[in-house]
Amino acid sequence: MSEVVPAHQQPGRLEEAKNIALGWRIIGQITPHSLEEAIQLLRDSSAHATTVYELLSAEISEKSHRQG
Numbered sequence: 001m002s003e004v005v006p007a008h009q010q011p012g013r014l015e016e017a018k019n020i021a022l023g024w025r026i027i028g029q030i031t032p033h034s035l036e037e038a039i040q041l042l043r044d045s046s047a048h049a050t051t052v053y054e055l056l057s058a059e060i061s062e063k064s065h066r067q068g
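Residue numbers (the UniProt record's numbering): 1 to 68.
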């Protein structure tokens, strides 16, 4: 699992999440040629989803703290 960096150290959190999601979309179009490749693609997708989730969760949390 990746570590979420504080906002003052990561000003482009939303941009990074967008770029990961776009890359993930491209990789998702690759057809695996073996069971091992399919398993690896699923693992990679899971890692990308985790990273995007952490980035967006941190952004939402920070915004709610600023508003509340």
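We treat Cβ as the ideally placed atom computed from N, Cα and C, and that holds for glycine.
Computed from a predicted structure; not experimentally measured.
Within the same chain, Cβ atoms closer than 7 Å to the Cβ of L14 are found at E59, the five residues on either side in sequence being excluded. The three-state secondary structure of Q29, taken from DSSP, is coil. By the Cβ-count criterion, L55 is buried, with 16 or more other Cβ atoms from all chains shown falling within 10 Å of its own Cβ. For S57, the enclosing alpha helix (DSSP H) covers residues 35-67. Taken atom to atom, the span from the alpha-carbon of G28 to that of G12 is near 24 Å.
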